[in-house]
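This report concerns only the one structure given below.
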Amino acid sequence: ENDSGWVELKIEYKARGGEKYFIIGNFALSDEVDTLYKSNTKYGFPGPRNYAYYYLDEVSIYRCNDTLPPPPPIPPEQQVNLPNAFSPNGDGENDLFRVLGADSVAEMELRVFNRWGQQVFYTKQKEQGWDGTFKGQPAPTGVYAYTLVATLTNGEVITKKGNVTLKR
Numbered sequence: 001e002n003d004s005g006w007v008e009l010k011i012e013y014k015a016r017g018g019e020k021y022f023i024i025g026n027f028a029l030s031d032e033v034d035t036l037y038k039s040n041t042k043y044g045f046p047g048p049r050n051y052a053y054y055y056l057d058e059v060s061i062y063r064c065n066d067t068l069p070p071p072p073p074i075p076p077e078q079q080v081n082l083p084n085a086f087s088p089n090g091d092g093e094n095d096l097f098r099v100l101g102a103d104s105v106a107e108m109e110l111r112v113f114n115r116w117g118q119q120v121f122y123t124k125q126k127e128q129g130w131d132g133t134f135k136g137q138p139a140p141t142g143v144y145a146y147t148l149v150a151t152l153t154n155g156e157v158i159t160k161k162g163n164v165t166l167k168r
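This is the structure in structure tokens:
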């Protein structure tokens with residue numbers, strides 16, 4: 001807000017093509033939206049009521065295109081995930097419980113526990129996953145808890161805790 005009471009609004013308008021005019025707000029007492037045809041346009045609501053002035057300076061949509069900027073990169077900590085279920089049945093799909101997005105991981109420790117709190121799997125190898133066995137035998141179908149502590153390639157340390165369902 002400046003000395004005159006104006007509040008500056010920063011608006012980025014990305015045209016999709018074919019637009020001739022910039023449309024902003026409701027500039028009348030009705031529910032209609034007015035189109036502003038020139039720069040340096042002001043509009044005040046008449047009469048003693050709550051009103052606002054809108055001021056638009058030098059809006060140009062000449063040579064706009066319909067391309068959007070690329071999405072922002074996903075932070076490394078959001079790239080690291082673990083599935084909530086797996087089925088080690090040998091069909092080649094979801095046979096291992098392992099870290100997804102391991103390219104963002106420099107070091108890690110993954111632990112899996114059964115419902116009694118007994119550790120049934122442990123690894124520091126990001127390429128290694130749990131195959132659903134415990135002491136060489138198939139672990140029973142059920143819900144298991146996991147804890148992942150990982151140091152990311154950017155140096156950040158993250159901890160993820162959750163449950164995974166083993167389905168046979």
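My numbering puts the first residue of the sequence shown at 1, with every later residue one more than the last.
Ideal placement from N, C-alpha and C gives every residue a C-beta, glycine not left out.
Item	Value
Whether or not the segment 95–104 and the segment 123–133 are in contact is what I'm after, with contact meaning three or more pairs of Cβ atoms, one per stretch, closer than 8 Å; do they touch?	yes
Output the distance between the C-alpha atoms of asparagine 154 and valine 105, rounded to the nearest integer angstrom.	9 Å
If I follow the unbroken beta strand (DSSP E) through threonine 147, where does it start and stop?	142–152
Would DSSP call glutamine 128 helix, strand or coil?	coil
Determine the DSSP secondary structure at alanine 102, reduced to helix, strand or coil.	helix
Over the uninterrupted beta strand (DSSP E) stretch that includes asparagine 163, give me the two end residues.	157–166
Determine the extent of the beta strand (DSSP E) in which glutamine 119 is found, giving its start and end residues.	119–123
Alpha carbon to alpha carbon, what distance is there between asparagine 163 and tyrosine 37?	Caution is warranted here: a pLDDT of 47 is assigned to tyrosine 37, below 50, making its placement in the model unreliable, and the coordinate value is therefore given only provisionally. So the two alpha carbons sit approximately 58 Å from each other.
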